[in-house]
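To start, the structure under review is shown below, and the notes come after it.
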Amino acid sequence: MKIVQAPDSVLSSKAKPVEKIDKDIKKLLEDMEQTLLSAADPEGVGIAAPQVGKSLQIFLMKPEKDSPVEAVINPVLELLGTPHKKKSKNGGALLEGCLSLKDIWGTVLRYPKVKITYLDAKGKSHTKTVTGWPARIIQHEYDHLQGILFPRRVLEQEGQLYKSHKEDDKDVFEPLTI
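Heads up: the sequence shown begins at 44 in our numbering, then just goes up one per residue.
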């Protein structure tokens, strides 16, 4: 599948709930998984249905290279704790990117812990509390389902946006002025 790039309107609209997990939704999940797994430079750790042009409350995440891809359908999110004001392993302002915003990065404050209720690919309901890196991915992907791209969070938090490019096979990040 082709990854939709900003400013496509599907990325700034609130996604619709999935009514039924049928063969079309299962096919979409398979196609999204292939798209996520094939994303390179940067490698993807999550992808939301709006990023492939579908206005549906679905995202996939794969926090680590060896972790399985997890489907999240119709999520309800509760933010827990207080976002840290500085760089931290468990939250705080870290550099984020997005497959729909090629070469744009930004410092985003995220909550260290979330409670999420959702359906999996088989329609089974789950509720769990997640911390650290997976919690950050969930917040980023959940924002996609609300029509929010990470630069909006950067601007709300008075953070910094960067444009990346390659120099001598290394990523170089230059501050963007807004």
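From the three backbone atoms N, C-alpha and C, an ideal C-beta is built for every residue, glycine too.
Treat the numbers as computed from the prediction; the structure is a model and nothing was measured.
Range of the contiguous beta strand (DSSP E) that encloses residue i
| i | result |
| --- | --- |
| ALA91 | 89 to 91 |
| LEU198 | Note, LEU198: premise wrong, no beta strand (DSSP E); alpha helix (DSSP H) at 193 to 199. |
Beta-bridge partners of residue i, as assigned by DSSP
| i | result |
| --- | --- |
| PRO85 | In the DSSP output, where bridge partners are listed per residue, PRO85 has none listed. |
| PRO218 | TYR205 |
| ILE101 | ILE116 |
| GLY140 | TRP148 |
| LYS171 | ILE159 |
| LYS59 | LEU99 |
Assigned secondary structure, residue i (DSSP; H/G/I helix, E/B strand, else coil)
| i | result |
| --- | --- |
| GLY124 | coil |
| PRO118 | strand |
| ILE64 | coil |
| LEU152 | strand |
| GLU210 | strand |
| VAL157 | strand |
| SER52 | helix |
| LYS70 | helix |
| GLU76 | helix |
| VAL47 | coil |
Range of the contiguous alpha helix (DSSP H) that encloses residue i
| i | result |
| --- | --- |
| TYR185 | 175 to 188 |
Beta carbon of residue i nearer than 9 Å to that of residue j
| i | j | result |
| --- | --- | --- |
| HIS169 | GLY89 | no |
| MET44 | GLY96 | yes |
| SER55 | LEU142 | no |
| TRP148 | PHE102 | no |
| LEU71 | VAL112 | no |
| LEU219 | GLN200 | no |
| TYR185 | PRO106 | no |
| LYS59 | ASP146 | no |
| LEU122 | LYS69 | no |
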